[in-house]
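See structure below.
In the numbering used here, the protein residues as written are 3 to 453.
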């Protein structure tokens, strides 16, 4: 069943919810909603928890529901046992689950907002699936040996076939956003073959794979890493993500967290002057010490004394030696049309903008158009520019707006659709989609072939 971190990760991957939104909607479900039974009903258990403990009554109810609606073959002989990963988990709190599986999502949908329904549906299905039997997969590995002159070559392919869906009848696990092409290829079915069976070589499709750098964190993957390194608690994952974005340390682009210049500067200064504090090991150890204080195992005064002595020395050293760092705006080499001072590029709450260097005496501003080097596919005159909504989401538009109203959430590509010559946009890191004919193409196939 869900704990706070896994709920936030799954809601991000499946529903596109930020951690902050997930917790806000979960709070509404927890506090109670009028579902037509004469008052407000709490639909889920407490949503800030790192425990997978489930009350026996809830397990009994779930098993009865599974038996009645799916049959005995979906009901495990023994209750599935899940181990709480965090040693400090508060067993007083249960895992996140529906207060009753009899509040089926479809039955109460009319009483919920769309966001409430989506999250409740996710929690309900995850809990029911957690009490069902595992799915059964049949894994096939095929090895084909070929000979060329004096050399032997071995080709291997592996695939899995679903034999019995088990818990997947209710809940299909979300695809990891960092899954690679090779992961996708391993899911392709293989024909049945016999050992020693000869195969005809139809063609050789050479491809070369290089070790890729790790992808940038999404909210989901960052929460996962925070949990793995014992940084933060169920109650702090969402505030951590909100804070680093609100302070301008990172921006969100295509669901990925991108560090800003401010973020790099702050990080460099903290690492230089407070190396013991901004250390994963220190943070994890401090969490453990706080648990021991809460459990009455150690004296909080002694813990504070051990921490504050070295910290006070580091703080004094930083105050004395840390430079006052100011990010200077980028000069544009253009005069302000109102006062004649030079125009500069500044970072604002909603992205970059152009203003006068004589601010606040002169308050002249203008929009900053970040072009991507592609002509507008609609008017053919303007340039495609990258913009941001008030919530920070990146989208693409025409530099001639409002004369041209072209917009796209996905980045337009320079190459036209090979089918209809329409506009192609990047659907994800592997595929492009045509806005006109809706056909999807492999990005590698669109690359010009080397002669």
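Ideal Cβ placement from N, Cα and C applies to all residues, glycine included.
{"Item": "Closest residue to residue 223 among 13, 172 and 44 (Cα-Cα distance)", "Value": "13"}
{"Item": "Proximal residues to residue 399 (C-beta, below 7 angstroms), its chain only, five neighbours per side dropped", "Value": "387, 389, 408 and 409"}
{"Item": "Spatial neighbours of residue 82 in its chain, beta-carbon cut-off 7 angstroms, leaving aside the 5 residues before and after", "Value": "132 and 133"}
{"Item": "Spatial neighbours of residue 167 in its chain, beta-carbon cut-off 7 angstroms, leaving aside the 5 residues before and after", "Value": "137"}
{"Item": "Reduced DSSP secondary structure (H/G/I, E/B, other) of residue 396", "Value": "strand"}
{"Item": "C-alpha gap between residue 402 and residue 354, whole angstroms", "Value": "18 angstroms"}
{"Item": "Contact check, residue 20 vs residue 239, beta carbons under 8 angstroms", "Value": "no"}
{"Item": "For residue 130, the first and last residue of its enclosing alpha helix (DSSP H)", "Value": "116-132"}
{"Item": "Endpoints, beta strand (DSSP E) assigned at residue 433", "Value": "433-436"}
{"Item": "Residue(s) in a DSSP beta bridge with residue 277", "Value": "Per DSSP, none; premise fails for residue 277."}
{"Item": "Local Cβ density within 10 Å of residue 57, reported as buried at 16 or more and exposed below that", "Value": "exposed"}
{"Item": "Cβ neighbour criterion (16 or more within 10 Å) applied to residue 183", "Value": "Confidence in residue 183 is poor, its pLDDT being 49 and thus under 50, which makes the residue's placement unreliable; the coordinate value appears in the next sentence. It counts as exposed."}
{"Item": "Three-state secondary structure assigned by DSSP to residue 452", "Value": "Only weak support is given to the placement of residue 452: the predicted model assigns it a pLDDT of 44, under 50, and the value that follows is read from those uncertain coordinates. Residue 452 falls in the coil class under three-state DSSP."}
{"Item": "Alpha carbon of residue 102 to alpha carbon of residue 248, nearest angstrom", "Value": "37 angstroms"}
{"Item": "Same chain, Cβ closer than 8 angstroms to residue 367, neighbours up to 5 away in sequence not counted", "Value": "355, 356, 357 and 358"}
{"Item": "Alpha carbon of residue 202 to alpha carbon of residue 144, nearest angstrom", "Value": "14 angstroms"}
{"Item": "Option nearest residue 206 by Cα separation, candidates 148, 296 and 108", "Value": "148"}
{"Item": "Option nearest residue 61 by Cα separation, candidates 154, 45, 78 and 51", "Value": "78"}
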